[in-house]
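Enquirer: Just passing along the structure, written as structure tokens.
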Amino acid sequence: MIELIDSHCHLDFEQFDDDRNNIIEHCQQLGLTHIIVPGVTANTWQHLLHICQQSDMLYPALGLHPMFMKQHHPKHLAQLKQLITTHHTVAIGEIGLDFYLENHDKKSQLELFCEQLQIAKEMELPVILHVRKAHDQTIKLLKQYALKGGIVHAFNGSEQQAQQYIKLGFLLGVGGVITHEKATRLRQLFSHLPLSALVLETDAPDMALANMQQLRNTPENIPSILAELSEIRPESAKQIAQSTTRNVKELFLCEITNIDDNE
Ligand SMILES: [Zn+2]
């Protein structure tokens, strides 16, 4: 059985309140072994941790997302530090810079991001990054902080930026975007970047796939993203699954999962 991981899924969101357990069960049938659930705001962290405690498949990350600046408060940083010492979390995330947003406040985004990079460094945790229109600034900061690595979720930058992240030990998240014919530049990029730098993700409930009937994305779409990636790459779906799964395990789960190369 091919083992798959959704490296980025907001399964704690209320869109999944009615059928979360059914989705998790169906994901198991589809070969998913782990789902990483990143946090976005402090007032949802407890709920997220609670949801992750309900299933062996779910692994939490905690962070303050740059799209929700108005909801963040300096005291949340102390809470973040506290929670990651008392709960098993695989990463700080999702955090980052979003200069694509209208009326974004660069200064406060940068401050919050740096504070969280500092926490990641102190706690020796990897990070899950959300970055739009700010890859060069992010790369510059990552060089300063010299972290344990992480994932640039839904990567949508240039070839050169991809190579710089890879050089810094970062992985790039490949999601439903590649199923869209219009995403030619990104499809081209993901067709030749080294497999050792890629991970699969849905970003559910957001990021709809092409031809998706329902509006809600779910982690059950990981096999479709894998299938699409194997269409545009030279390797088989099995090889891509093995590598992308191993990449996530090596980054996040090494302490809690044996990495079996012969799977
Ligand atoms: Zn996300």
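Note that the sequence shown covers residues 2 to 264 in my numbering. The beta-carbon is built from N, C-alpha and C at its ideal position, and this holds for glycine as well. A quick note: this is a predicted structure, and the numbers were derived from the prediction, not measured.
Check Glu-95 in the structure and name its three-state DSSP category.
Expert: In the structure shown, Glu-95 sits in a strand (DSSP, three-state: E or B).
Enquirer: Which whole-angstrom value describes the C-beta separation of Ala-92 and Val-128, a residue pair presumed to lie in contact below a C-beta threshold of 8 Å?
Expert: Their Cβ separation, rounded to whole angstroms, is 6 Å, which keeps Ala-92 and Val-128 in contact under 8 Å.
Enquirer: Could you please give the first and the last residue of the uninterrupted beta strand (DSSP E) stretch that includes His-181?
Expert: Note, His-181: premise wrong, no beta strand (DSSP E); not H, not E.
Enquirer: Got a sec? Which residues, its chain only, sit under 8 Å from Met-2 by beta carbon, not counting five neighbours each side?
Expert: So the qualifying residues of the chain are Gly-32.
Enquirer: Suppose you measure from the CA of Pro-67 to the CA of Thr-45; what does that come to, to the nearest Å?
Expert: Approximately 15 Å between the Cα atoms of the pair.
Enquirer: Excluding five sequence neighbours on each side, which residues of the same chain lie with their C-beta closer than 6 Å to the C-beta of His-27?
Expert: Here the set comprises Glu-221.
Enquirer: Can you grab the Cα-Cα spacing for the pair Leu-102 / Leu-49, in whole Å?
Expert: For Leu-102 and Leu-49, the distance between alpha carbons rounds to 25 Å.
Enquirer: Let me check you understand the geometry: is the CB of Asp-99 closer than 6 Å to at least one non-hydrogen atom of ligand 1?
Expert: Asp-99 Cβ: outside cutoff for every heavy atom of ligand 1.
Enquirer: Just to confirm my understanding: we take Leu-230, look at its own chain, exclude 5 residues before and 5 after, and list those with CB closer than 7 Å. What are they?
Expert: Here the set comprises Val-175, Ile-179, Phe-191, Ile-241.
Enquirer: Look at Ser-56 and Val-249 and say whether their C-beta atoms are less than 7 Å apart.
Expert: No, these two residues do not count as a Cβ contact at 7 Å.
Enquirer: Report whether the distance from the Cβ of His-160 to the nearest heavy atom of ligand 1 is below 6 Å.
Expert: Note that residue 160 is Glu in the sequence shown, not His. No; taking the cut-off as 6 Å, the Cβ of Glu-160 has no heavy atom of ligand 1 nearer than that.
Enquirer: So, Ile-85 versus Met-124, is the Cβ gap smaller than 7 Å?
Expert: It is a contact, given that the beta carbons lie within the stated cut-off.
Enquirer: Report the option in Asn-22, Phe-171, Glu-95 whose CA atom is closest to the CA atom of Glu-251.
Expert: Considering only alpha carbons, the answer is Phe-171.
Enquirer: Following a CB-centred definition, is Glu-95 positioned closer than 6 Å to any heavy atom of ligand 3?
Expert: For the structure depicted, ligand 3 is absent and the ligand set comprises only ligand 1.
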